[in-house]
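K.L.:
First the structure, then my questions, so here it is.
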Amino acid sequence: MYNSVKNKPDINAPQNAGQKIRILLADDHKLIRVGLKSLFSKHEDMSVISEAENGKEAVEKIKNQHPDVAILDLVLGDISGIDVVKKISDENINTKIVILTSHIKDSDVTESLKAGANAYVLKDINSEVLVMIVRTISEGAIWIDPKAVNILRNSQAACVIPQKSCSRANFKAQHSNLTEREYEVLKLVVDGKSNLEIAKILNISEHTSKAHVCNIIQKLLVDDRTQAAVKAIKEGLV
Numbered sequence: 056m057y058n059s060v061k062n063k064p065d066i067n068a069p070q071n072a073g074q075k076i077r078i079l080l081a082d083d084h085k086l087i088r089v090g091l092k093s094l095f096s097k098h099e100d101m102s103v104i105s106e107a108e109n110g111k112e113a114v115e116k117i118k119n120q121h122p123d124v125a126i127l128d129l130v131l132g133d134i135s136g137i138d139v140v141k142k143i144s145d146e147n148i149n150t151k152i153v154i155l156t157s158h159i160k161d162s163d164v165t166e167s168l169k170a171g172a173n174a175y176v177l178k179d180i181n182s183e184v185l186v187m188i189v190r191t192i193s194e195g196a197i198w199i200d201p202k203a204v205n206i207l208r209n210s211q212a213a214c215v216i217p218q219k220s221c222s223r224a225n226f227k228a229q230h231s232n233l234t235e236r237e238y239e240v241l242k243l244v245v246d247g248k249s250n251l252e253i254a255k256i257l258n259i260s261e262h263t264s265k266a267h268v269c270n271i272i273q274k275l276l277v278d279d280r281t282q283a284a285v286k287a288i289k290e291g292l293v
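Counting with my numbering, you get residues 56 to 293 for the letters of the sequence shown.
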């Protein structure tokens, strides 16, 4: 996932050399499934092995075929995508789940993640970013659409993403390569502040603020400021 020289992600590089990521698509609109299948067929490290047009069919196919990644719409006609995630989680099947939807209700985001979804993605996302997301979650990452991440900053955030620790000291022990200033910037990133807002709060230039954010992203081995914020919440910094 990361370039060995600069630790930057290469979204075009296959993540499982010699092994395809096996994908199941579940959407009640055939046109969506056709479009997604066409997208993934362009990448040699991916293979769509199955499709489902409703929730019950998705559950059965996931149970029987054990795909690496299942991409689910929230609205599947009979049962919801969230219900599918719950049923799969109950079976202890190691299929990673992407919720791909046009909805951004608070309850949809939080319930999806609580149920065990590994990614919450809006359908207006860039197609190649979706490819990157499938690759990263197949390796165990969590990905939240930037438009939905603010929802994780409410009082229920700790219930949505399980925390590994609850102390600043523990977080710092794991990420001692972050400077004190970078911790300050990271907390403001978690609060949803822009580079300009961070600059004004810390009385630094916007250029310096941007540089700090870039350093944080690189040091935490994440792809963007959104994932840095999610990682900070997950690790117990905030």
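The beta carbon of each residue, even a glycine, is placed where N, CA and C say it ideally should be.
Using 8 Å as the Cβ pair cut-off and three pairs as the minimum, do the stretch 82-97 and the stretch 114-122 touch?
P.N.:
With a cut-off of 8 Å, the stretch 114-122 and the stretch 82-97 do not count as touching, because too few Cβ pairs lie within range.
K.L.:
Taking Cβ positions, are A174 and V140 nearer each other than 7 Å?
P.N.:
Reading the sequence shown from its first residue, position 119 is the one you call residue 174. Reading the sequence shown from its first residue, position 85 is the one you call residue 140. Result no, Cβ atoms of A174 and V140 do not sit closer than 7 Å.
K.L.:
Going straight from the alpha carbon of D123 to that of D161, what length do you get?
P.N.:
On the sequence shown, position 68 is the one that residue 123 refers to. On the sequence shown, position 106 is the one that residue 161 refers to. So the two alpha carbons sit approximately 27 Å from each other.
K.L.:
Relative to the C-alpha of G136, which residue among E146, K255 and A107 is closest?
P.N.:
Here residue 136 refers to the residue found at position 81 of the sequence shown. Ranking the options by Cα distance to G136, first place goes to A107.
K.L.:
Going by the beta-carbon positions, is the gap between A125 and T150 smaller than 7 Å?
P.N.:
If you number the sequence shown from 1, residue 125 lands on position 70. If you number the sequence shown from 1, residue 150 lands on position 95. Yes.
K.L.:
For L129, count the other beta carbons within 10 Å of its own beta carbon; 16 or more makes it buried, fewer makes it exposed. Which is it?
P.N.:
On the sequence shown, residue 129 is found 74 positions in, with the first residue counted as 1. When all chains shown are included, L129 counts as buried.
K.L.:
Note the first and the last residue of the continuous beta strand (DSSP E) segment covering L177.
P.N.:
Within the sequence shown, the letter at position 122 stands for residue 177. Note, L177: beta strand (DSSP E), A174 to L177.
K.L.:
On the three-state DSSP scale, how would you describe S105?
P.N.:
If you number the sequence shown from 1, residue 105 lands on position 50. Reduced to three states, the DSSP call for S105 is strand.
K.L.:
Measuring alpha carbon to alpha carbon, tell me which of S260, C269 and L276 ends up nearest V244.
P.N.:
On the sequence shown, residue 244 is found 189 positions in, with the first residue counted as 1. Per the Cα distances, C269.
K.L.:
For M19 and I76, I'd like the C-alpha separation in whole angstroms.
P.N.:
Here the chain comprises residues numbered 56 to 293, so residue 19 is not present and cannot be evaluated.
K.L.:
With the cut-off set at 7 Å, would you say E239 and L251 are in Cβ contact?
P.N.:
In the sequence shown, the residue the question calls residue 239 occupies position 184. In the sequence shown, the residue the question calls residue 251 occupies position 196. Not in contact: E239 and L251 (Cβ atoms no closer than 7 Å).
K.L.:
How would you write the range of the alpha helix (DSSP H) that V140 sits in, first residue to last?
P.N.:
Position 85 of the sequence shown, counting from 1, holds the residue named residue 140. From DSSP, the alpha helix (DSSP H) with V140 extends over G136 to D145.
K.L.:
Rank H121, G132, S157 and L131 by C-alpha distance to the C-alpha of S144 and give the top, closest one.
P.N.:
Here residue 144 is taken as the residue at index 89 of the sequence shown, counted from 1. Closest option to S144, Cα to Cα, is H121.
K.L.:
Can you list, in chain order, the stretches of the alpha helix (DSSP H) that have 4 or more residues and sit fully within the stretch 237-273?
P.N.:
Counting whole runs of 4 or more residues, the stretch 237-273 contains the alpha helix (DSSP H) stretches 250-257.
K.L.:
Residue range of the alpha helix (DSSP H) that A81 falls in?
P.N.:
As a first step, residue 81 is located in the sequence shown; it is residue number 26 there, counting from the start. It is not in any alpha helix (DSSP H) - A81 instead sits in the beta strand (DSSP E) that spans I76 to A81.
K.L.:
How many Å lie between A213 and V164 at the Cα?
P.N.:
Here the question's residue 213 lines up with position 158 in the sequence shown. Here the question's residue 164 lines up with position 109 in the sequence shown. Residue confidence is low: A213 scores 45 on pLDDT, short of 50, so the model does not pin down where it sits. No coordinate-derived value is stated.
K.L.:
Rounded to whole angstroms, what is the Cα-Cα separation between I159 and L257?
P.N.:
Indexing the sequence shown from 1 puts residue 159 at position 104. Indexing the sequence shown from 1 puts residue 257 at position 202. Looking at the two C-alpha atoms, the distance is approximately 32 Å.
K.L.:
Between A284 and V277, is the Cβ-Cβ spacing less than 7 Å?
P.N.:
Taking the first residue of the sequence shown as 1, we reach residue 284 at position 229. Taking the first residue of the sequence shown as 1, we reach residue 277 at position 222. No, they are not a contact pair.
K.L.:
Quick check on DSSP: helix, strand or coil for K151?
P.N.:
Within the sequence shown, the letter at position 96 stands for residue 151. If DSSP states are grouped into helix, strand and coil, K151 belongs with the strands.
K.L.:
Ignore the nearest five residues each way along the sequence and tell me which others in I272's own chain have a CB closer than 6 Å to its CB.
P.N.:
One-based indexing of the sequence shown puts residue 272 at position 217. Correct list, in chain order: A283.
K.L.:
Of all the options E290, I134 and S193, which has the alpha carbon lying nearest to the alpha carbon of I152?
P.N.:
Position 97 of the sequence shown, counted from the start, is the residue given in the question as residue 152. It is S193.
K.L.:
Using CA coordinates, which residue listed in K111, K289 and E99 is at the minimum distance from A196?
P.N.:
Start at 1 with the first residue of the sequence shown, and residue 196 comes out as number 141. It is K289 whose Cα lies nearest to the Cα of A196.
K.L.:
To the nearest angstrom, how far is the alpha carbon of L127 from that of L79?
P.N.:
What you label residue 127 is simply residue 72 of the sequence shown in a count that begins at 1. What you label residue 79 is simply residue 24 of the sequence shown in a count that begins at 1. Approximately 8 Å, taken between the alpha carbons.
K.L.:
Return yes when the Cβ of L241 is within less than 7 Å of the Cβ of K274, no when it is not.
P.N.:
Along the sequence shown, one-based indexing puts residue 274 at 219. Along the sequence shown, one-based indexing puts residue 241 at 186. For K274 and L241, no; Cβs fall outside 7 Å.
K.L.:
Grouping DSSP H, G and I as helix and E and B as strand, with all else coil, what is L276?
P.N.:
For the purposes of this step, residue 276 is identified with residue 221 of the sequence shown, where counting begins at 1. Looking at L276 - three-state DSSP - the assignment turns out to be coil, as it is neither helix nor strand.
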